[in-house]
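**Student:** Residue numbers (our numbering): 52 to 324. Don't be surprised by glycine CBs; every beta carbon is placed ideally from N, CA and C.
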Amino acid sequence: MENRAIGIFDSGIGGLTVLKQIKKILPNENIIYYGDNFNNPYGNKPKKKIFDLSVRIINFLLEQDIKIIVIACNTVSATCFCELNKIFGHKIKIMEIIKSGVEAGFLSVKKNKIKDKNIVLLATEATVKSNLYQKYFYAKDPQINFYAKACGDFVDLAEKNLFDAKISFDVLNNELEEFKSKKINSLILGCTHFPLLKNRIKKILPSVKIVDPAEFLALHTKEYLSKNKILNAEEKPKIIFYTSGDVKKFRIIANEVLNFNYPPKIFVHKILK
Ligand code: DGL
52 MENRAIGIFD
62 SGIGGLTVLK
72 QIKKILPNEN
82 IIYYGDNFNN
92 PYGNKPKKKI
102 FDLSVRIINF
112 LLEQDIKIIV
122 IACNTVSATC
132 FCELNKIFGH
142 KIKIMEIIKS
152 GVEAGFLSVK
162 KNKIKDKNIV
172 LLATEATVKS
182 NLYQKYFYAK
192 DPQINFYAKA
202 CGDFVDLAEK
212 NLFDAKISFD
222 VLNNELEEFK
232 SKKINSLILG
242 CTHFPLLKNR
252 IKKILPSVKI
262 VDPAEFLALH
272 TKEYLSKNKI
282 LNAEEKPKII
292 FYTSGDVKKF
302 RIIANEVLNF
312 NYPPKIFVHK
322 ILK
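(1) What separation, rounded to the nearest whole angstrom, lies between the Cα atoms of Gly156 and Lys150?
(2) For Pro325 and Gly203, which I take to be in contact (beta-carbon distance under 8 Å), what is that distance rounded to the nearest angstrom?
(3) Helix or strand or just coil, what does DSSP make of Pro314?
(4) Count the other CB atoms within 10 Å of the CB of Leu227; is the residue buried (16 or more) or exposed (fewer)?
(5) Taking the C-alpha atoms as reference points, what is the distance between Pro314 and Ala129?
(6) Could you tell me which of Leu238, Gly65, Lys118 and Thr126 sits nearest to Phe102, measuring between CA atoms?
(7) Please work out which residues of its chain come closer than 6 Å, Cβ to Cβ, to Ala327, disregarding the five sequence neighbours upstream and downstream, and give them in chain order.
(8) Can you tell me which of the three DSSP states Asp192 falls into?
(9) Per DSSP, what are the beta-bridge partners of Tyr293 in this structure?
(10) Any heavy atom of the ligand DGL inside 7 Å of the beta-carbon of Asn91?
(11) Buried or exposed for Cys133, please, with buried defined as at least 16 other CB atoms from any protein chain shown within 10 angstroms of its CB.
(12) From Ile59, Lys180, Ala199 and Leu223, pick the residue whose C-alpha is nearest to that of Lys118; which is it?
(13) Look up Lys253 in the DSSP assignment and say whether it is helix, strand or coil.
(14) Does the pairing of the region 60-69 with the region 205-212 give three or more beta-carbon distances under 8 Å?
(15) Quick one: give me the first and last residue of the alpha helix (DSSP H) that Asn306 is part of.
(16) Looking at chain C, is there any beta carbon in it that lies within less than 8 Å of the beta carbon of Glu285?
(17) Cβ-heavy atom distance between Asn125 and the ligand MN below 7 Å?
(18) What does the Cβ neighbour count give for Asn182, buried or exposed, with the cut at 16 atoms within 10 Å?
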């Protein structure tokens, strides 16, 4: 038994969608979450800036008592996972999300009755530019038609807690218009903020299979902890949240997104920007 926490981070509230899956699959684990809401969004920042911010967050998490780091952010995973792993990999295991997204997307295409292999990736500008999803998909199956679309606006809608607002529907409807006439097999939510808008996306593209990479990432995290015999068995595990942004706003969204059926211990701390 190993009661040190799982450290999870994202540019803001998006990583809560990953935390939710991890909590479901690993209910006895202590968790420390860091949301860099002050610096959000990351998706339109240069790679060097994303890397510097990530280094700071990882150093902060390492000062806490953690046993593994989960990068709950496609943008960080796509732009600088290799570099981060080079620096920190000897100290701690770091999980990234892109490979889980590719695995989940590929499985969805295989299971789908639709023969057309049209896949849509919705992600941030930085993730789309990295070409990583595209590269992994083509390596698995060169027959796949891959459409990658940068939808940075969606991040802001989620950060502002506008999941159900009419404006979200209008923005999404407009951005997804081009896919309505295409026979899309599967759509990958390649940004951890996007599952928060999933219901809206479903309404706009009702026949498309929507893929959230978070479930596979949670499963892989469990596999790692289990294989290395560092699972926890805590009956009342704690979740501690840190945000560089507004604590009140963070708490409201965290409660809304996580919606646990028992009151979790939610501590939110503001840290220096
Ligand atoms: N949630 C993040 C992702 O998965 C990044 C959103 C942003 O800060 O632009 O890519």
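**Tutor:** Looking at the atomic coordinates:
(1) 10 Å
(2) Nothing in the structure corresponds to residue 325, since the chain is present only between 52 and 324.
(3) At Pro314 the pLDDT is 48, less than 50, meaning the model places this residue with poor confidence; the figure from the coordinates comes in the next sentence. DSSP places Pro314 in coil when its eight states are reduced to three.
(4) buried
(5) Only weak support is given to the placement of Pro314: the predicted model assigns it a pLDDT of 48, under 50, and the value that follows is read from those uncertain coordinates. Using only the alpha carbons, I get a separation of about 34 Å.
(6) Thr126
(7) Within the shown structure, residues of the chain are numbered from 52 to 324, placing residue 327 beyond reach of any answer.
(8) coil
(9) Tyr85 and His320
(10) yes
(11) exposed
(12) Ile59
(13) helix
(14) yes
(15) Val298 to Leu309
(16) Absent from the structure: chain C. Only one protein chain is present.
(17) As presented, the structure is devoid of the ligand MN, carrying the ligand DGL as its sole ligands.
(18) exposed
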